[in-house]
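So the structure is just underneath, and the comments pick up after that.
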Ligand code: NAD
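In this note's numbering, the protein residues as written are 25 to 525.
And the structure:
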């Protein structure tokens, strides 16, 4: 039977048989935190403990940085030929696919997303990312300057050194792979800190990297809290680069800590409040309505690039919203282990309380509840919230301004392209935006006028590993994915050679 055809009860059976890697990985060995402390990994599916995980802190960061520095300087990975690094990474990607069910289950049980998404999107895209950067690294040439006959000018890339990666919980495997792919392909040694809410898949991923032949100590994983072990990494004097994905608030702290310590390069992939604009000349209303639902309800709305502000041209607002509400009915939460489920559980009770708090606020501020608005599936003990839509939202309302990171859509209307752009840019975020129109001039003009890192025209969330992803404004800096991601993890060295000394 193909894995795609596993039934809910088969997934449940596999979940019961699953074992967990739950210790830190330092120098190729799984070890307890130096303090001996652990924290509970709670499944959002039912509120039950999956396992106790090593709770790393500053002393563990100290140990991991020493090992990472030592392996980097030894050249065991950093000075391997790109071709050799490629072969390890390609093998690693193959192992990820061989263990696809296990990784998908870890992801679903630990953070609540539907198993069908973990299988089809998270594991597959993560393996693709690791393979792609592995495949790319021995095909990139350095530069020779156009000098006169007496000189040679070389511009070469070198790995930055010791890289700390701090990642969130909404796409634990994928965000990790977006960092590890380019950082490791470039020859760095890495310390990964997964989110305390979803540490399990990263530990297994790292174990597979060892199996693929990554030398011990090149990739170290420290589970634990942000304000302890994460902070220790951000402040560490011997970490050369910190690659962070998470909230804008924590991103600001990371930048400060980089400045307070050794001015390490701080790359930030932060939050969003992306506008999804539907003009009256939308070429396919049905597809746009489906995209509007997908854009906010996929991954329970726990998406940095969620289309959380739907902007609809006034003349089609009623007709279009009827379609969106119809589509939204298909996007209601269910058991994440059921392959038919499209919306899973929110990551924890705190996130659920945050989302319900925003819903209350919207009601208090006079937004019109069109769908959902409540906790659901309470009998499971898990953290589920109905897919929710608010109409009559104005740019000043809280739900139009703040990142909710949950399945709550704010619907606003506009009268022309100028007003659409003004509303779209009325945010301190700038991660992504989408627009639907038949008019090629309007599409290009609007795309140019919106200050965001990704613009999707007549689709939502388009792109693949070849397209850079990252934010303008307070959505961050730098780019994940594509060859541009290598800029974060490499230094450019200029070497000038005089041929007439
Ligand atoms: P978060 O900022 O709370 O945590 C992210 C990571 O930072 C976690 O590993 C956490 O432990 C760590 N951390 C927290 N405080 C820290 C500190 N003081 N020092 C060092 N590390 C610290 O974010 P989250 O709730 O895990 O994730 C949700 C956020 O991530 C949303 O804002 C979302 O938009 C953003 N996100 C952005 C992208 C992107 O590519 N731009 C992708 C996914 C998620």
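Where is the CB? At the ideal position from N, CA and C, for every residue including glycine.
Residue i CB to nearest heavy atom of the ligand NAD below 7 Å
| i | result |
| --- | --- |
| residue 492 | no |
| residue 480 | no |
| residue 220 | yes |
| residue 382 | no |
| residue 429 | yes |
| residue 504 | yes |
| residue 195 | yes |
| residue 249 | yes |
| residue 206 | no |
| residue 271 | yes |
| residue 328 | yes |
| residue 499 | yes |
| residue 294 | yes |
| residue 507 | no |
| residue 168 | no |
| residue 258 | yes |
| residue 192 | yes |
| residue 255 | yes |
| residue 199 | yes |
| residue 274 | yes |
| residue 455 | yes |
| residue 278 | yes |
| residue 288 | no |
| residue 217 | yes |
Rounded Cβ spacing between residue i and residue j (contact assumed at less than 8 Å)
| i | j | result |
| --- | --- | --- |
| residue 240 | residue 51 | 5 Å |
| residue 474 | residue 445 | 6 Å |
| residue 201 | residue 150 | 4 Å |
| residue 367 | residue 358 | 7 Å |
| residue 45 | residue 228 | 5 Å |
Selected residue, minimal CA-CA separation from residue i, among the options
| i | options | result |
| --- | --- | --- |
| residue 64 | 224, 294, 426 | 224 |
| residue 465 | 303, 49, 120, 516 | 303 |
| residue 527 | 287, 353, 284, 406 | The chain is shown from 25 up to 525; residue 527 falls before or after that span and cannot be answered. |
| residue 339 | 437, 111, 388 | 437 |
| residue 341 | 78, 312, 147 | 312 |
| residue 407 | 161, 62, 67 | 67 |
| residue 48 | 154, 203, 216 | 216 |
| residue 370 | 411, 331, 391 | 411 |
| residue 309 | 403, 114, 483 | 483 |
| residue 252 | 81, 77, 457 | 81 |
| residue 231 | 422, 183, 181, 127 | 127 |
| residue 29 | 502, 70, 77, 144 | 144 |
| residue 426 | 471, 60, 392, 296 | 296 |
| residue 439 | 57, 250, 337, 204 | 337 |
| residue 90 | 478, 257, 515 | 257 |
| residue 449 | 476, 423, 433, 293 | 476 |
| residue 451 | 228, 356, 423 | 423 |
| residue 488 | 152, 62, 468 | 152 |
| residue 222 | 493, 245, 206 | 245 |
| residue 398 | 409, 334, 113, 405 | 409 |
| residue 264 | 250, 320, 332, 207 | 207 |
| residue 384 | 70, 421, 345 | 421 |
| residue 79 | 510, 248, 430, 329 | 248 |
| residue 349 | 320, 364, 360 | 320 |
| residue 59 | 70, 77, 69 | 77 |
| residue 242 | 431, 491, 158, 101 | 101 |
| residue 43 | 351, 454, 74 | 74 |
| residue 181 | 523, 511, 525 | 511 |
| residue 494 | 458, 514, 486, 454 | 454 |
| residue 498 | 205, 273, 198 | 273 |
| residue 333 | 195, 516, 299 | 299 |
| residue 293 | 281, 456, 275 | 275 |
Cβ-heavy atom distance, residue i to the ligand ADP, below 7 Å
| i | result |
| --- | --- |
| residue 324 | The ligand ADP is not part of this structure, which contains only the ligand NAD. |
**Prompt:** Is there contact here, the stretch 222-237 with the stretch 415-422, by at least three beta-carbon pairs under 8 Å?
**Reply:** Judged by Cβ distances under 8 Å, the stretch 222-237 makes no contact with the stretch 415-422, as fewer than three pairs qualify.
**Prompt:** Three or more beta-carbon pairs under 8 Å between the stretch 169-187 and the stretch 121-139, yes or no?
**Reply:** With a cut-off of 8 Å, the stretch 121-139 and the stretch 169-187 do not count as touching, because too few Cβ pairs lie within range.
**Message:** Which runs of the beta strand (DSSP E) at least 3 residues long sit entirely within the stretch 27-82? Give them in chain order.
**Reply:** DSSP runs (the beta strand (DSSP E)) wholly in the stretch 27-82: 48-50, 53-55, 62-66, 73-78.
**Message:** What ranges does the beta strand (DSSP E) occupy inside the stretch 211-251, keeping only unbroken runs of at least 3 residues that lie completely in it?
**Reply:** Residue ranges of uninterrupted beta strand (DSSP E) with 3 or more members, entirely inside the stretch 211-251 and ordered along the chain, are 213-217, 243-245.
**Asked** Below 8 Å, can you find three or more Cβ-Cβ pairs linking the stretch 282-291 to the stretch 205-212?
**Response** Taking a contact to require three or more Cβ pairs closer than 8 Å, the stretch 282-291 and the stretch 205-212 do not qualify as touching.
**Prompt:** Would the stretch 39-47 and the stretch 126-135 be scored as touching if the rule is three or more Cβ pairs under 8 Å?
**Reply:** Touching, yes.
**Message:** For the stretch 361-378 against the stretch 320-330, do three or more pairs of beta-carbon atoms, one drawn from each stretch, fall closer than 8 Å, so that the two count as touching?
**Reply:** Enough Cβ pairs lie closer than 8 Å, so yes.
**Request:** Give a yes or no on contact between the stretch 175-183 and the stretch 498-506, applying the rule of three or more CB pairs nearer than 8 Å.
**Result:** Taking 8 Å as the limit for Cβ pairs, the verdict is that the stretch 498-506 does not touch the stretch 175-183.
**Asked** Hey, which unbroken runs of the beta strand (DSSP E) at 3 residues or more fall wholly within the stretch 267-308?
**Response** Whole beta strand (DSSP E) segments, 3+ residues: 289-293, 299-302.
**Asked** Do the stretch 70-89 and the stretch 100-109 touch if we need at least three Cβ pairs shorter than 8 Å?
**Response** Proximity of the stretch 70-89 to the stretch 100-109 falls short of the contact definition, fewer than three beta-carbon pairs being nearer than 8 Å.
**Message:** Across the stretch 188-206 and the stretch 253-273, are there enough close Cβ pairs to call them in contact, namely three or more that are closer than 8 Å?
**Reply:** A contact exists between the stretch 188-206 and the stretch 253-273.
**Request:** Determine contact between the stretch 390-408 and the stretch 443-461, defined as no fewer than three beta-carbon pairs at a distance below 8 Å.
**Result:** Here the stretch 390-408 makes no contact with the stretch 443-461; the two share fewer than three CB pairs at distances below 8 Å.
**Request:** Please go through the stretch 129-212 and give each complete alpha helix (DSSP H) segment of 4 or more residues, from N-terminal end onward.
**Result:** Those alpha helix (DSSP H) runs which fall completely within the stretch 129-212 and span 4+ residues are 148-161, 196-209.
**Prompt:** Where are the alpha helix (DSSP H) runs, 4 residues long or more, that stay fully inside the stretch 348-392, in chain order?
**Reply:** Assignment of alpha helix (DSSP H) within the stretch 348-392, counting only whole runs of 4 or more residues, yields 373-388 in chain order.
**Asked** At what residue ranges does the stretch 439-488 contain a whole run of the alpha helix (DSSP H), taking only runs of 4 or more?
**Response** List check, alpha helix (DSSP H) in window: 441-449, 464-473.
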